[in-house]
Amino acid sequence: MKTLAYYVSNMGFGHLTRSLAIIEHILAESDYSIYLACGEDQIEYSKVFLSNYLGRVTYQVVTTEVGTEIKPYTFEFDKGKTMLAIDDFMKTFQQTVDKEVERLQSMNVVQVITDISIVGIHVAKKLGVKAIGISNYTFYHRYKKMGLDSELIQPFIDAYNQLDIFYELAYADDMADVTCPKEQVGLAVRRVNQGSSNDFKTKFWPSCFLSIGQIANLSRIIIEFQAGHVYATGNVEIDGNSHVVKLPRRIAHSQDYVAASSLALIKPGWSAVAECLTAGVPFAVVDANHIEDGEITEKLIQEGRCFKLDPSELANLDIKELNIRMRSLVHDPLPNDAKNIALKIIEQGA
């Protein structure tokens with residue numbers, strides 16, 4: 118049986134959730150097997166998400182990405198620690214690639230997809246198969262924004278430019294330095310379970326989805342939302358007059374809660390934004406990390422899709438006031454393009 122090897126960044130869960138949305142359609146629309154390489158936590162989640170495809174997915178824990186180091190309880194990058202982490206990653210990089218090639222040689226791999234680990238690109242080239250990239254940014258460009266040494270990060274852009282095609286997701290950052298063939302695609306999110314989402318609406322409407330990560334010097338938020346409910350992720354404690362529905366930090370089906378919300382307040386990671394956009398849920402974003410989230414935030418604001426909140430505004434939130442501000446936003450939902458992206462990948466392997 119032909120196999121698609123799929124390498125996913127082990128930094129957070131956003132890369133994984135959109136990849137799983139695409140992988141689910143690949144499995145449904147083709148007879149390919151999938152080899153999925155990612156971090157341990159991501160792999161454990163993937164086994165549950167793809168449990169209907171037992172026997173067609175091989176899972177492998179791999180350090181696929183060095184990512185970035187963040188200062189504790191902030192959104193700020195730690196430049197020094199990130200440079201050290203890149204250096205350590207590159208010291209064992211060739212060994213990692215060689216191990217992956219050895220694992221895959223007997224699996225009839227016909228192409229490699231990566232979001233957006235350079236490990237997958239090097240594996241594809243050694244196997245002599247097509248390399249497909251998909252992302253809304255590259256770590257090269259993120260490192261460049263951080264001001265990291267150009268010699269240290271050059272291997273990343275060199276790898277990206279060896280891709281046979283790069284699918285650039287909607288609301289992507291500028292990646293002009295990526296000179297391989299590129300094609301723009303839409304949003305890719307996990308499908309909403311309408312039954313669960315409607316059940317949440319029945320029980321908890323009106324509701325606010327709150328996902329802001331760790332904020333510096335902020336351990337408690339006062340939320341004024343009389344007769345309303347807050348779906349809260351993370352470790353921040355919430356006081357006020359709302360009913361709090363505490364969600365696990367790594368919630369397995371956040372898209373169902375987002376779709377059940379009357380508004381959302383999020384850190385503007387791409388996947389969180391995409392869940393709001395495809396559900397048609399009005400949202401505000403925390404303006405805390407310009408390097409990571411600045412470009413997507415400005416694009417969304419230009420389209421009237423969201424507005425920004427300064428982190429200092431989080432200490433005391435009046436949901437009624439936020440609702441008034443959100444009335445002027447564009448609320449029409451955008452399509453989920455995961456199936457179309459999956460079909461493009463399948464076509465590349467034909």
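Following this note's numbering, the numbering of the sequence shown begins with 118 at its first residue and continues without gaps.
The C-beta atom is built at its ideal place from N, Cα and C for all residues, glycine as well.
As the structure is a computational prediction, the values presented were derived from the model and not from experiment.
Residue i versus residue j: straight-line alpha-carbon distance, rounded
i	j	result
LYS262	ILE408	6 Å
ASN453	GLY303	7 Å
LYS437	SER314	23 Å
THR102	VAL295	Nothing can be reported for residue 102: it is not among the residues displayed for the chain, which extend from 118 to 467.
VAL398	PRO450	8 Å
CYS155	CYS423	32 Å
LYS119	PHE283	22 Å
ARG220	LYS425	46 Å
THR499	ASN278	Because the chain in this structure spans residues 118 to 467, residue 499 falls outside the shown range and cannot be described.
LEU153	GLN343	45 Å
LEU380	SER359	14 Å
LEU439	PRO365	25 Å
Buried versus exposed call for residue i [16 or more other C-beta atoms within 10 Å across all chains shown]
i	result
GLU104	The structure shown does not extend to residue 104, since the chain is modelled only from 118 through 467, so no value can be given for it.
MET443	buried
ILE441	exposed
ASP205	exposed
HIS448	exposed
Beta-carbon spacing of residue i, residue j below 8 Å
i	j	result
ARG414	ASP404	Reading the sequence as shown, one finds Thr at residue 414 and not Arg. Yes. Within cutoff.
ALA349	VAL361	yes
LEU434	GLU341	yes
ALA287	ARG135	no
GLY466	GLY131	no
ALA369	TYR170	no
VAL214	LEU244	no
ILE187	PHE194	yes
ILE329	LYS384	yes
Of the listed residues the options, nearest to residue i (C-alpha basis)
i	options	result
VAL226	ILE151, ASP410, ALA377	ILE151
THR319	PRO399, HIS346, LEU327, GLN301	HIS346
ALA396	ALA145, ARG307, LYS242, PHE166	ARG307
VAL178	ASP410, GLY172, TYR124, HIS132	TYR124
LEU460	PHE130, ALA276, ALA145	ALA145
SER371	ASP205, ALA391, GLU186, MET224	ALA391
LYS242	GLN228, ASN406, GLY197, ASN253	GLN228
LEU280	THR199, GLY250, ARG259	GLY250
Same chain only: Cβ atoms within 8 Å of residue i, ignoring 5 sequence neighbours per side
i	result
SER445	GLY421
Cutoff 6 Å; reference residue i; Cβ partners in own chain excluding five residues on either side
i	result
GLU412	ASP290
GLU182	SER126, ASN127, MET128, SER234
GLY357	ILE339, ILE340, GLU341
LEU382	LEU327, ALA401
Cβ-based neighbour list, residue i, same chain, cut-off 7 Å, excluding 5 preceding and 5 following
i	result
SER378	SER324, CYS325, PHE326, TYR348, VAL398
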